[in-house]
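Under the numbering used here, the residue at position 110 of the sequence shown is numbered 199, and the numbers go up by one with no gaps. Report on the structure given below.
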Amino acid sequence: MSRIREQNNHNKKEEIVEWAKNFTKFKPCLCNRCFQNDSKLLDLETLILFKQNLNELQPREYELYILTLLQQSIQNNPAVDCLNPLNSKRTRKIVSYRIAPFGNICRSVFKELLGIGEKKLRNLYKYLDEQDVPILRKHGNIGRTPQNKLSSEKTKKIEVWINDFAQRIGCPLRRNIVKNDKKPMIFLPACYTITMLFELCINDFSKQSNIKFSRSTFYSILTSDVCNHIRVSSPKTDTCETCDLLRMELNSITHALPYQEGQEIPLPSISLSNHLFLAHSVRNEYKEDQIRAKDGTISHFSFDYSQNLVLPHKSSQPGPFYFYSLRNCYLFGITDESCNHQMNYLIDEASCNKGSNEVVSMLWHFVSKLSKKRKKHIIFNADNCVGQNKNNTLMKFFAWLCLTGNSQIIDFTLKFRSAKL
Numbered sequence: 090m091s092r093i094r095e096q097n098n099h100n101k102k103e104e105i106v107e108w109a110k111n112f113t114k115f116k117p118c119l120c121n122r123c124f125q126n127d128s129k130l131l132d133l134e135t136l137i138l139f140k141q142n143l144n145e146l147q148p149r150e151y152e153l154y155i156l157t158l159l160q161q162s163i164q165n166n167p168a169v170d171c172l173n174p175l176n177s178k179r180t181r182k183i184v185s186y187r188i189a190p191f192g193n194i195c196r197s198v199f200k201e202l203l204g205i206g207e208k209k210l211r212n213l214y215k216y217l218d219e220q221d222v223p224i225l226r227k228h229g230n231i232g233r234t235p236q237n238k239l240s241s242e243k244t245k246k247i248e249v250w251i252n253d254f255a256q257r258i259g260c261p262l263r264r265n266i267v268k269n270d271k272k273p274m275i276f277l278p279a280c281y282t283i284t285m286l287f288e289l290c291i292n293d294f295s296k297q298s299n300i301k302f303s304r305s306t307f308y309s310i311l312t313s314d315v316c317n318h319i320r321v322s323s324p325k326t327d328t329c330e331t332c333d334l335l336r337m338e339l340n341s342i343t344h345a346l347p348y349q350e351g352q353e354i355p356l357p358s359i360s361l362s363n364h365l366f367l368a369h370s371v372r373n374e375y376k377e378d379q380i381r382a383k384d385g386t387i388s389h390f391s392f393d394y395s396q397n398l399v400l401p402h403k404s405s406q407p408g409p410f411y412f413y414s415l416r417n418c419y420l421f422g423i424t425d426e427s428c429n430h431q432m433n434y435l436i437d438e439a440s441c442n443k444g445s446n447e448v449v450s451m452l453w454h455f456v457s458k459l460s461k462k463r464k465k466h467i468i469f470n471a472d473n474c475v476g477q478n479k480n481n482t483l484m485k486f487f488a489w490l491c492l493t494g495n496s497q498i499i500d501f502t503l504k505f506r507s508a509k510l
C-alpha cells in the first residue's frame with residue numbers, strides 16, 4: 090500500500106510540473122499585461138507550490154477560497170452606472186482579480202490558475218449577489234425527501250419477507266444471540282448471496298404488488314436492526330462439532346459466576362487451544378498448496394458432497410410440495426484449486442448411495458481426464474467422513490493409481506490427518 094501511495098504522489102507531482110510548464114509556455118492571458126519580465130507567473134517553482142497547496146484543499150474548502158477571492162475583487166472596486174444602446178441606466182461591477190502570490194491578473198488567468206470554467210464562475214458571482222459574506226453554498230435537495238425512498242409500509246413488507254425467508258431456509262443457532270433484541274442468529278446457506286436474495290425478493294413482490302427498489306435499498310434493510318440477526322454463512326461461521334462443544338463449555342464456565350472488576354476470566358481450555366492450533370496449521374498448509382498449484386508445481390483438488398438437491402428446486406416452497414415426496418439428487422463437486430474451476434456430478438438417489446465406491450468412481454473419471462503432467466503430483470482435500478473418504482477403499486484406490494503409473498505422488502488430507510502415497 091505504501092508503494093502504491095508513493096507512486097500516486099509521484100504521478101500527481103509530475104502532472105503539476107507539466108501543467109506549470111504548459112502555463113508558462115502558452116500564457117493564457119487576454120490583456121497582454123499579466124506576463125511581464127518581473128511577473129511571478131513565469132516562476133515555475135511558485136506555480137508548482139501554489140498548485141500543490143490548492144490540491145491539498147478539500148472540495149468545500151476549495152470553493153470557499155474561490156468565493157473569498159471573488160468577494161475581495163468586488164469589494165475593492167465600486168459599481169459604475171453606464172448606459173446601454175436603449176439609453177437606460179444599469180449598474181456594472183468592475184472586478185479586478187488578484188491572487189496573493191501573483192498580484193493583479195486578468196479573468197482568463199484567474200480561471201486557469203484555479204481550474205474553473207466560465208459557467209462555474211458566473212454561478213459563483215450570482216450566488217455572491219444574494220449573500221453579504223462569502224459562505225458555502227448548499228445543495229438544493231438538502232432537507233428534501235428523495236422521490237425513490239420507500240415508505241414505511243413497503244419497508245415493513247420487505248423486512249417481513251426477509252424474516253420469513255430466513256425462518257424457512259436458515260439455520261438458527263441458539264448459542265449466538267443478538268445483544269439488543271436477544272434473538273438467535275440465523276445463518277443462511279453459503280450458496281445464497283446478497284444479489285440472489287435481492288432477485289428472489291423482487292420476483293416475489295412482482296407477483297403480489299408493484300414494489301420497486303434497488304439492491305442498495307435491500308442491503309440497507311438486510312443490515313438494519315430489525316434483520317441484524319440474519320447472516321449468510323461464511324467459513325468463519327462454518328465450524329465443526331468439536332468447536333461447538335468446546336465453545337459451549339467455555340461459555341458455560343464464563344457465565345457460571347458473576348466476575349468482579351479486576352478478576353481474571355478463565356482462559357480457553359487446552360483442548361480448544363490445541364484444536365484451533367491444528368485448524369490454523371492445516372489452513373496455512375492448504376493456502377501454501379494453493380500457491381504451489383497456481384505455479385504449476387503440483388495439482389491440488391478438493392472434493393465433497395453438497396446438500397441434497399431437491400427436484401423441482403424452488404427457494405420459496407409452494408404449499409402442496411409439502412405433501413409430495415420430491416426427488417433427491419446427489420451433488421458431488423471436485424474443485425481445481427489452481428484456477429477455482431469446479432466439476433459437478435449429479436446423481437439420482439435411486440441410482441446409487443453416498444458411499445466410498447461412488448466417490449472412487451467419480452474421482453477416477455476426473456483423474457482420467459487430466460493430462461500426464463498434472464497427474465505427477467496430486468494433493469486431494471476432503472472432510473473426515475468415515476463412510477465416504479476415511480476408509481480402506483479410497484486409500485487402496487490412491488495406492489492403485491501410484492502402482493499403475495497413473496500418478497507418482499498422491500497426498501490425501503482429511504482435515505487434521507494426512508496420508509502420503
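Glycine included, every Cβ here is placed at the ideal spot set by N, Cα and C.
Under the 10 Å beta carbon count, CYS441 is surrounded by fewer than 16 other beta carbons and is classified as exposed. Spatial neighbours of ILE275 in its own chain (CB-CB distance under 8 Å, excluding positions within 5 residues in sequence) are listed in chain order as ALA255, GLN256, GLY259, CYS260, PRO261, LEU262, HIS318, ILE319, ARG320. For PHE139 and ILE188, the gap between their C-alpha atoms comes out near 10 Å. Under the criterion of beta carbons closer than 8 Å, ASN397 and ASN417 qualify as touching, at roughly 5 Å. Between SER197 and SER162, the C-beta spacing is not below 9 Å.
DSSP places TYR308 inside the alpha helix (DSSP H), whose first and last residues are 304–311. When Cβ pairs closer than 8 Å are counted between the two stretches, the region 224–238 is seen not to touch the region 287–296, the count staying below three.
The Cβ atoms of LEU483 and SER445 sit closer than 9 Å to each other. Proximity of the region 145–156 to the region 112–128 falls short of the contact definition, fewer than three beta-carbon pairs being nearer than 8 Å. For SER309, the closest C-alpha among the options GLU248, ILE300, LYS301, ALA368 is that of GLU248. One Cα belongs to THR244, the other to SER322, and the distance between them is close to 24 Å. Here the alpha carbon of ILE93 sits roughly 43 Å from the alpha carbon of ASN473. For the pair of segments examined, the region 231–241 was found not to touch the region 281–288: the number of CB pairs separated by less than 8 Å stays below three. A Cβ-Cβ separation of about 5 Å places ASN470 in contact with THR502 under the 8 Å criterion. By the CB criterion at 9 Å, ILE468 and ALA368 fall outside the cutoff. Secondary-structure assignment with DSSP links ASN230 through no beta bridge to anything. Judged by DSSP in its simplified three-state form, ILE183 adopts coil rather than helix or strand.
Here LYS464 is near ASN495, since their CB atoms are less than 9 Å apart. Across the structure, PHE455 and CYS332 are spaced so that their CA atoms are roughly 33 Å apart.
Per the coordinates, the alpha-carbon of GLU374 lies some 38 Å from the alpha-carbon of LEU289. Assignment of ASN417 by DSSP, reduced to helix, strand and coil, places it in the strand class. Distance from the CA of CYS195 to the CA of SER313, rounded to the nearest whole angstrom, comes to 55 Å. Setting aside the 5 residues that flank it on each side, ALA279 is surrounded in the same chain by SER322, each with a C-beta closer than 6 Å to its C-beta; the list follows chain order. Taking 9 Å as the cut-off, the beta carbon of PRO223 is found closer than this to the beta carbon of GLN160. Straight across, the Cα-Cα distance linking THR157 with GLU219 is about 14 Å. Of all alpha-carbon atoms in TRP108, GLN147, LEU146, the one lying nearest the alpha-carbon of LEU133 is that of TRP108. Across the set ASN144, ASN111, TRP489, the C-alpha of ASN111 shows the shortest separation from the C-alpha of LEU130. Boundaries of the alpha helix (DSSP H) around ARG149: 148–164. Taking the Cα of ASN478 as reference, the smallest distance to any Cα among CYS491, VAL448, TRP489, SER303 is reached at VAL448.
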